[in-house]
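Note sheet for the following structure.
2 protein chains.
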Amino acid sequence: MTDQTATERDAIRTVLDNVSRAIGAKDAKAVVSHYAPDYVLYSLAPPLQSIVTDERALVEWFDTWRGPIGIARRELSITAERDLAICTSLNQMTGTKTDGVKVHLWYRATVGLRRIDGRWKIVHEHESVPFYMDGSFRAAVDLAP
Amino acid sequence: MTDQTATERDAIRTVLDNVSRAIGAKDAKAVVSHYAPDYVLYSLAPPLQSIVTDERALVEWFDTWRGPIGIARRELSITAERDLAICTSLNQMTGTKTDGVKVHLWYRATVGLRRIDGRWKIVHEHESVPFYMDGSFRAAVDLAP
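The listed protein sequences correspond, in order, to chains A and B.
Going by our numbering, the first sequence opens with residue 23, and the numbers climb by one from there.
Going by our numbering, the second sequence opens with residue 23, and the numbers climb by one from there.
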């Protein structure tokens with residue numbers, strides 16, 4: 023049981039690593055291949071939720087970056103039970119936008135996965151930064167763990 | 023199996039309803055009673071994450087509201103597998119702050135639960151709004167589903 027769960031966690035970690043690598047390489051097709059058909063995204067950017075799993079939105083977002091996009095995970099926690107898993111982590115996104123702005127953004131990531139036909143697929147991603155409740159309503163893009 | 027899962031989903035929905043009701047009544051002790059010992063919160067407000075499950079932070083937050091706090095869930099999805107569950111929903115928080123500001127805030131909520139000693143406990147909550155990527159870095163507190 024323990025070994026099986028460890029093996030499952032390894033398989034799930036590999037999926038997350040592959041997604042990060044695919045984002046880094048701006049390979050939208052590879053990213054989307056990890057999504058389940060009923061994938062629901064709560065993204066860093068509006069709208070509140072997206073249920074689109076086609077590659078177009080990703081390609082448009084990739085085109086706003088000059089060079090590679092880095093995604094590093096810290097404090098990754100993976101909890102798996104049979105065919106369902108929840109992962110939480112603090113992620114750092116790094117790179118340079120096409121307008122020259124350098125990005126070093128820490129954000130929270132919650133990922134839900136289901137094993138479908140023997141393969142772990144991402145059914146849900148929730149990525150966010152908090153916001154300052156000092157009346158400014160500024161997104162807290164300057165935090166670090 | 024189907025019935026069992028439906029029963030589990032009902033039990034989980036009841037936990038979420040009870041938490042919303044406890045927040046509405048500003049009953050910090052009742053809210054915290056639903057948290058697992060290893061509860062991790064990604065909150066609307068900084069910091070990036072909180073692992074504190076004591077009632078003090080909740081009481082301080084409750085004290086910033088005049089009268090009751092409303093939490094309504096929409097598009098609630100519950101996926102349960104044995105002793106693990108993931109819930110997603112779009113929530114609306116309503117009420118009046120002590121400075122007279124009226125709040126009508128839609129946000130995204132992801133909740134992870136584990137069944138411990140036969141009772142569903144919340145191990146993780148991730149609550150957020152997206153932010154505008156137009157250079158303003160404003161939190162998108164004006165969205166609605």
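Don't be surprised by glycine CBs; every beta carbon is placed ideally from N, CA and C.
Fair warning: this is a prediction, and the values are worked out from it, not measured in the lab.
message: Can you pull out the residues from the segment 138-151 of chain A whose beta carbon lies closer than 7 Å to at least one beta carbon of chain B?
response: 146, 148, 150, 151
- prompt: Closer than 7 Å, Cβ to any Cβ of chain B: which residues of the segment 107-140 of chain A, in chain order?
  reply: 108, 110, 112, 128, 130, 132, 134
field: For residue 151 of chain A, the three-state DSSP class (helix, strand or coil)
entry: As a working mapping, residue 151 of chain A is identified with position 129 in the first sequence. The three-state reading of DSSP puts residue 151 of chain A in coil, since its state is none of H, G, I, E or B.
query: So which residues of chain C does residue 27 of chain A contact, with C-beta pairs closer than 7 Å?
result: Here the protein chains are A and B, and chain C is not one of them.
task: Could you check the C-alpha separation between residue 23 of chain A and residue 135 of chain A for me, to the nearest Å?
output: Reading the first sequence from its first residue, position 1 is the one you call residue 23 of chain A. Reading the first sequence from its first residue, position 113 is the one you call residue 135 of chain A. Residue confidence is low: residue 23 of chain A scores 43 on pLDDT, short of 50, so the model does not pin down where it sits. Its coordinate-derived value is still stated next. Taking the straight line from one Cα to the other gives about 19 Å.
Members of the segment 152-164 of chain B near chain A, C-beta cut-off 8 Å: In summary, the residues of the segment 152-164 of chain B whose CB is separated from some CB of chain A by less than 8 Å are 152, 153, 154, 155, 159, 160, 161, 162, 163, in the order they occur in the chain.
message: For residue 53 of chain B and residue 89 of chain A, I'd like the C-alpha separation in whole angstroms.
response: Here the question's residue 53 of chain B lines up with position 31 in the second sequence. Here the question's residue 89 of chain A lines up with position 67 in the first sequence. Straight-line Cα distance between these residues: approximately 46 Å.
- prompt: Quick one: which chain A residues come within Cβ less than 7 Å of residue 104 of chain B?
  reply: Position 82 of the second sequence, counted from the first residue, corresponds to residue 104 of chain B. What residue 104 of chain B touches in chain A: 103, 104.
field: Within the segment 91-129 of chain A, ranges of the beta strand (DSSP E) (whole runs, at least 3 residues)
entry: 106-119
- request: Report yes if the CB atom of residue 28 of chain A is closer than 7 Å to the CB atom of residue 142 of chain A, and no otherwise.
  value: Your numbering for residue 28 of chain A matches position 6 in the first sequence. Your numbering for residue 142 of chain A matches position 120 in the first sequence. Their beta carbons are not under 7 Å apart, which means residue 28 of chain A does not touch residue 142 of chain A by this criterion.
query: By the criterion of Cβ-Cβ separation under 8 Å, what are the contact partners of residue 66 of chain A in chain B?
result: Residue 66 of chain A sits at position 44 when you count from the first residue of the first sequence. Those are 152, 153, 155, listed as they occur along chain B.
query: With 7 Å set as the bound, which would you pick, yes or no: does the beta-carbon of residue 80 of chain B sit closer than that to a beta-carbon of chain A?
result: As a working note, residue 80 of chain B is residue 58 in the second sequence. So, not an interface residue.
message: Run through chain B and tell me which residues come within less than 7 Å of residue 62 of chain A, C-beta to C-beta.
response: To locate residue 62 of chain A, count along the first sequence from 1; it is residue 40. Listed along the chain, the chain B residues whose CB falls inside 7 Å of the CB of residue 62 of chain A are 110.
message: Which residue marks the beginning of the alpha helix (DSSP H) containing residue 79 of chain B, and which one marks its end?
response: In the second sequence, counting from the first residue as 1, residue 79 of chain B sits at position 57. Unbroken alpha helix (DSSP H) run through residue 79 of chain B: 78-84.
task: Output yes if chain B places a C-beta closer than 7 Å to the C-beta of residue 70 of chain A; else output no.
output: On the first sequence, position 48 is the one that residue 70 of chain A refers to. Answer yes: the Cβ-Cβ gap between residue 70 of chain A and chain B drops below 7 Å somewhere.
task: Compare the C-beta of residue 90 of chain B with all C-beta atoms of chain A and state if any pair is closer than 7 Å.
output: As a working mapping, residue 90 of chain B is identified with position 68 in the second sequence. No, residue 90 of chain B lies away from the interface with chain A (no Cβ there is under 7 Å from its Cβ).
- prompt: If the cut is a Cβ gap below 8 Å, which residues of chain B does residue 167 of chain A touch?
  reply: As a position in the first sequence, residue 167 of chain A is number 145, starting the count at 1. The answer, in chain order, is 70, 71.
- prompt: Going by beta carbon distance, what residues of the same chain come within less than 8 Å of residue 118 of chain A, once the five residues before and after it are set aside?
  reply: Residue mapping note: residue 118 of chain A aligns to position 96 of the first sequence, counting from 1. The answer, listed in chain order, is 87, 88, 89, 124, 125.
message: residue 106 of chain B and residue 97 of chain A - do their beta-carbons sit closer together than 7 Å?
response: By 1-based counting over the first sequence, the position of residue 97 of chain A is 75. By 1-based counting over the second sequence, the position of residue 106 of chain B is 84. It is not a contact, given that the beta carbons lie outside the stated cut-off.
task: Can you give me the start and stop residues for the beta strand (DSSP E) that residue 58 of chain B sits inside?
output: Counting from one through the second sequence, the residue named residue 58 of chain B turns up at place 36. Looking at the DSSP string, the run of the beta strand (DSSP E) that includes residue 58 of chain B is 57-64.
query: Quick one: what's residue 72 of chain B bridged to in DSSP?
result: Locating residue 72 of chain B in the second sequence gives position 50, where the first residue counts as 1. Its beta-bridge partners are B:63.
Touching by the beta-carbon criterion (3+ pairs, under 8 Å), the segment 75-84 of chain A and the segment 109-116 of chain A: no
field: Residue interval of the alpha helix (DSSP H) (run including residue 51 of chain A)
entry: The residue given as residue 51 of chain A occupies position 29 in the first sequence. That run of the alpha helix (DSSP H) goes 50-54.
field: residue 74 of chain B, buried or exposed, once every other Cβ within 10 Å from all chains shown has been counted against 16
entry: On the second sequence, position 52 is the one that residue 74 of chain B refers to. Exposed, by the Cβ-count rule.
message: According to DSSP, is residue 135 of chain B part of a helix, a strand, or is it coil?
response: As a first step, residue 135 of chain B must be located in the second sequence, where it is residue number 113. The answer is strand: DSSP assigns residue 135 of chain B an E or B state.
message: Please report the distance separating the alpha-carbon of residue 164 of chain B from that of residue 70 of chain B.
response: Within the second sequence, the letter at position 142 stands for residue 164 of chain B. Within the second sequence, the letter at position 48 stands for residue 70 of chain B. Between the alpha carbons of residue 164 of chain B and residue 70 of chain B lies a distance of about 22 Å.
task: Look up residue 46 of chain B in the DSSP assignment and say whether it is helix, strand or coil.
output: Taking the first residue of the second sequence as position 1, residue 46 of chain B is located at position 24. In the three-state DSSP reduction, residue 46 of chain B falls in the helix class (H, G or I).
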